[in-house]
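Taking it in order: structure first as structure tokens, then the write-up.
Residue numbers (our numbering): 42 to 389.
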């Protein structure tokens, strides 16, 4: 007898693999294929990445999002230099010190409004440029979408890129959920990256229907020089690269990336609409992509978590995070929203 795994709202990482991606993996499994990326599957994936990010883009496949971020830092920075990011950025709080330990890069953080850096906030981190006693900023890193689900517009990214370049820095994008941001804005992946001056993108697939596949995409060719050796040295060169590549080829064909991201965004909007105005609940962040943040009484959160998985985002404030995924359904959302209303009504 097969048990049902309920679709909770803890993370889009909790979702399974999209059927089209599984089909691509099965197809790639046929026969013997040269390893380490010397195969037609990898060439096809690299071509698809270039089609979306620009013909000059060079994409390198890796296993995980932390690796994509940290290897991007390794490519752009020398040990002892610094990266500037938002204080809540994944680089700073959720990568186990990887930027410091593996890339040897100091992380400088700025307090932001809803997770978004601005040129003014970056400028505030440049006061010790030229001081031999301070780590020198070499990279600005933004998350798109941010860790609280907000989205940078193309104009906002262009302003950050121009400011970074004017100060001799590069602009990196943690694009673990770049697909969600592009879907929310109704623009292409290139419109949020290559077209507005981004230099390096950590392009995520795992949170949007892939099975452990990410890419480091260089939009300035000189930053990619010798990166194949950096990837190997950092334990991220897949021997059976075809299985990462086949996933990206499927992902970037027939707008699968867009369909998956649009679905998860729509489910978050549905959830926000269903619980807005419920007494005792307040939505705390703009709902722009596939996540809803809200505050509600601690006892109500505890009662809901007996049946539904989700994270406490800020225990002191009673703020929770409800994340939707590519496979979240209207029924999932409606069932959860009904439970939220019921618990809060009983608590009133």
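Even glycine gets a Cβ: it sits at the ideal position worked out from N, Cα and C.
Reduced DSSP secondary structure (H/G/I, E/B, other) of residue i
i	result
residue 172	coil
residue 230	coil
residue 243	strand
residue 256	strand
residue 165	coil
residue 49	coil
residue 44	Because the pLDDT at residue 44 is just 44, under 50, the model does not fix this residue reliably, and the point stays unresolved.
residue 274	helix
residue 238	coil
residue 344	helix
residue 262	helix
residue 119	coil
residue 196	helix
residue 203	helix
residue 349	coil
residue 224	helix
residue 269	helix
residue 61	helix
Between the CA atoms of residue j and residue i - distance to the nearest angstrom
i	j	result
residue 363	residue 357	17 angstroms
residue 210	residue 339	44 angstroms
residue 187	residue 81	34 angstroms
residue 37	residue 131	Residue 37 lies beyond the range of the chain shown here (42 to 389); nothing can be said about it.
residue 269	residue 61	29 angstroms
residue 349	residue 373	10 angstroms
residue 318	residue 333	14 angstroms
residue 250	residue 260	24 angstroms
residue 99	residue 225	25 angstroms
residue 124	residue 183	10 angstroms
residue 106	residue 167	28 angstroms
residue 64	residue 71	12 angstroms
residue 48	residue 172	52 angstroms
residue 304	residue 92	23 angstroms
residue 275	residue 282	16 angstroms
residue 336	residue 265	44 angstroms
residue 79	residue 102	13 angstroms
residue 144	residue 108	10 angstroms
residue 104	residue 243	12 angstroms
Per DSSP, cross-strand counterpart(s) of residue i
i	result
residue 335	324, 361
residue 180	124, 211
residue 149	125
residue 154	157
residue 190	Residue 190 is not bridged to any residue.
residue 216	244
First through last residue of the alpha helix (DSSP H) which encompasses residue i
i	result
residue 355	Careful: residue 355 lies outside any alpha helix (DSSP H), inside the beta strand (DSSP E) at 352-355.
residue 377	371-388
residue 248	Looking at the DSSP string, residue 248 is not in any alpha helix (DSSP H), and its letter there is neither H nor E.
residue 290	283-292
residue 131	131-134
residue 298	297-316
residue 139	139-142
Boundaries of the beta strand (DSSP E) in which residue i is found, first to last residue
i	result
residue 99	99-103
Minimum Cβ-Cβ distance from residue i to chain C less than 8 angstroms
i	result
residue 334	Among the protein chains of the structure shown there is no chain C, as only one such chain exists.
Unbroken stretches of the alpha helix (DSSP H), 4 residues or longer, contained in the stretch 63-112 | For the stretch 63-112, whole alpha helix (DSSP H) runs of length 4 or above, ordered along the chain, are 81-94.
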